[in-house]
Amino acid sequence: MNPLAKELNDILAESLVMHMLTDYGRRIYFPKGIISQSAEAKQKAHLYNATIGIATDHGNAMYIPSILSQFADDVAINEVFPYAPTAGELQLRKLWLEEMIKKNPSMAGKRTSLPIVTAGLTHALSVMATLFLDKDQPIIVPDMFWGNYNLIFTEQCQARQISFPLFDQGMLNIKGLAATIDAIEEPKVGLMLNFPNNPTGYSLTKDEATSLVSMLIDKAEHGKKLLLFIDDAYFGLFFEDNLCRESLFSLLCDAHENILAIKGDAATKEDMVWGFRVGFLTYNNKGMTEAQYEALVKKTMGVIRSNISSCSKPAQSILLKAMQSNSYEQEKKAGIALIELRYHLIKKTLAQYSAHTLLTPLPFNSGYFMAFVCAGDAEKLRVHLLNTYGVGTISIKNLYLRLAFSSIDVEHVEDLIRIVYQAAHEVFTHE
């Protein structure tokens with residue numbers, strides 16, 4: 185084992201993290217090579233800096249004018265063209281944490297890692313899985329989940345993905361999840377939680393969140409070592425008054441020594457910059473020291489360094505400037521309000537079809553999506569909608585049809601629902 189990996193492992197030796205790391209996670213480290221030497225030179229090389237592999241001209245990165253002209257005038261050359269640090273721009277990481285605490289008051293006064301920048305939330309998931317999911321390691325995922333989990337957990341890591349029904353009588357199936365945890369013999373249990381949920385558009389009520397956290401703490405108290413990955417891709421898109429508006433990560437911060445909580449979030453949906461590919465990973469475990477968090481961050485940097493080197497510099501620079509803008513909060517609220525308007529209209533429209541039995545809406549109250557349970561083959565309905573009406577939808581497991589109301593203008597919502605129900609009648613009454 186590389187001495188640098190051993191040094192990090194020694195720091196983490198007394199922490200839950202050391203019990204959770206994969207073999208690769210134990211072996212990975214951030215090298216004291218070009219990147220770390222260049223960072224040191226950046227601080228101390230006051231005469232000449234001949235370390236980093238970029239071309240410069242009188243202290244600025246060289247650039248092609250026709251590329252620079254695509255950016256706003258107030259974006260500086262060195263905010264666009266050089267490499268970003270492996271863990272991301274420090275100022276952005278600090279600001280993202282500040283905003284996270286502002287949106288999640290339960291985090292106040294609790295120690296976490298500084299968020300680490302990833303190339304979107306998919307990359308955050310992949311990094312997390314690489315560090316913590318060994319082959320055949322059990323990870324619990326609700327039966328309604330984003331399909332990329334399969335590629336990452338099952339195919340990439342060869343983990344043992346275990347499912348439980350997300351809903352029980354229209355509410356989160358906490359008893360089913362508890363039973364699924366109990367059925368796993370291994371002491372280390374992975375759990376993937378995603379609210380607002382993709383594909384259903386469901387978020388926890390305040391009571392559900394309280395009950396879920398209480399149940400997880402109880403399992404930890406009885407000896408289960410829980411790896412809880414919180415996928416907050418759609419955080420902030422809450423459209424009903426009774427919903428828990430904090431991330432589960434904040435409610436699980438410092439909850440128990442046997443809980444390692446990892447928050448994956450992104451500017452992707454929160455700030456409507458889908459193509460920027462700027463995500464974040466943040467860690468918490470009760471009792472972890474600053475030195476242990478730093479060791480875990482360095483291991484995470486090692487994973488990032490080994491696969492993509494670093495994330496987009498211009499995307500981080502632009503996002504940072506936007507977050508520092510005086511108009512940022514109001515502009516963001518305006519976008520969310522427009523999605524919420526579509527949500528309430530689709531709820532109202534669906535109520536007019538409550539007597540129809542061919543399509544049954546699953547509970548939804550947030551996010552981008554809603555989904556139907558189909559009385560027939562959802563894939564046949566999807567194809568019929570596409571070929572006959574030019575309407576694109578997503579079929580899931582041949583049982584469910586997902587609609588992204590986030591991408592439908594308000595004036596078209598009612599017509600979309602009319603067409604979907606009409607197509608369901610045409611397909612399912614002739615099967």
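Read in order, the letters of the sequence shown are residues 185 to 615 in my numbering.
For every residue, glycine included, the Cβ atom is placed at its ideal position computed from N, Cα and C.
Computed from a predicted structure; not experimentally measured.
- At a Cβ-Cβ threshold of 9 Å, V604 and L525 do not count as neighbours.
- Distance from the CA of V325 to the CA of M376, rounded to the nearest whole angstrom, comes to 5 Å.
- Note on P299: 16 or more other CB atoms within 10 angstroms of its CB, so buried under the neighbour-count rule.
- It is roughly 7 Å from the alpha-carbon of N244 to the alpha-carbon of I261.
- Non-local C-beta neighbours of Q221 in its own chain, meaning closer than 8 Å and more than five positions away in sequence, comprise T235, ordered along the chain.
- Boundaries around A445 are those of the beta strand (DSSP E), 443 to 450, since no alpha helix (DSSP H) includes it.
- When the alpha-carbon of S550 is set against those of Y573, L281, K453, N571, the nearest one is in K453.
- Per DSSP, F612 is one residue of the alpha helix (DSSP H) stretching across 597 to 612.
- When DSSP assignments are scanned along the stretch 407 to 492, the uninterrupted stretches of alpha helix (DSSP H) that are 4 or more residues long and fall wholly within it turn out to be 432 to 436, 451 to 454, 474 to 491.
- Contiguous beta strand (DSSP E) elements confined to the stretch 255 to 316 occur at 300 to 302, taking only those with 3 or more residues.
- Contact between T384 and L350 holds, since their C-beta atoms are separated by about 7 Å, short of 8 Å.
- Fewer than three beta-carbon pairs drawn from the stretch 284 to 294 and the stretch 314 to 323 are found closer than 8 Å, and the two stretches are therefore not classed as touching.
- Judged by pairs of C-beta atoms under 8 Å, the stretch 261 to 274 touches the stretch 481 to 499, as three or more such pairs exist.
- Short of 7 Å from the beta carbon of I520, and not among the five residues preceding or following it, lie these beta carbons of its own chain, in chain order: G420, L421.
- The way I'd put it, the stretch 334 to 348 doesn't touch the stretch 393 to 407; fewer than three beta-carbon pairs between them come closer than 8 Å.
- In the three-state scheme derived from DSSP, where H, G and I count as helix and E and B as strand, D593 is classed as coil.
- Counting only residues of its own chain and dropping the five nearest sequence neighbours on each side, V259 has a CB closer than 8 Å to the CB of P498, S501, I502, K505.
- Here V611 has G560, K564, L565, H568 as same chain residues with Cβ atoms under 7 Å from its own Cβ, once five neighbours each way along the sequence are excluded.
- Under the DSSP assignment, L587 falls in the beta strand (DSSP E) whose first and last residues are 584 to 588.
- Residues S347, F348, P349, L350 of the same chain have their beta carbon placed closer than 8 Å to that of D327, with the five preceding and five following residues left out of the count.
- Straight-line spacing of the CA atoms in L465 and T473 works out to 18 Å.
- Note on the stretch 305 to 393: whole beta strand (DSSP E) runs with a minimum of 3 residues are 322 to 326, 344 to 348, 372 to 378, in chain order.
- Counting C-beta pairs with one atom in each stretch, the stretch 507 to 516 and the stretch 349 to 364 have fewer than three that are closer than 8 Å, which means they do not touch.
- The three-state reading of DSSP puts P215 in coil, since its state is none of H, G, I, E or B.
- Taking a contact to require three or more Cβ pairs closer than 8 Å, the stretch 406 to 415 and the stretch 437 to 445 qualify as touching.
- Counting only residues of its own chain and dropping the five nearest sequence neighbours on each side, L583 has a CB closer than 7 Å to the CB of V557, C558, A562.
- K287 and K531 have their C-alpha atoms some 26 Å from each other.
- Shown here, I238 sits in coil according to DSSP, grouped into three states, outside any helix or strand.
- Of D320, K359, L546, N332, the smallest CA-CA separation from E369 is found for D320.
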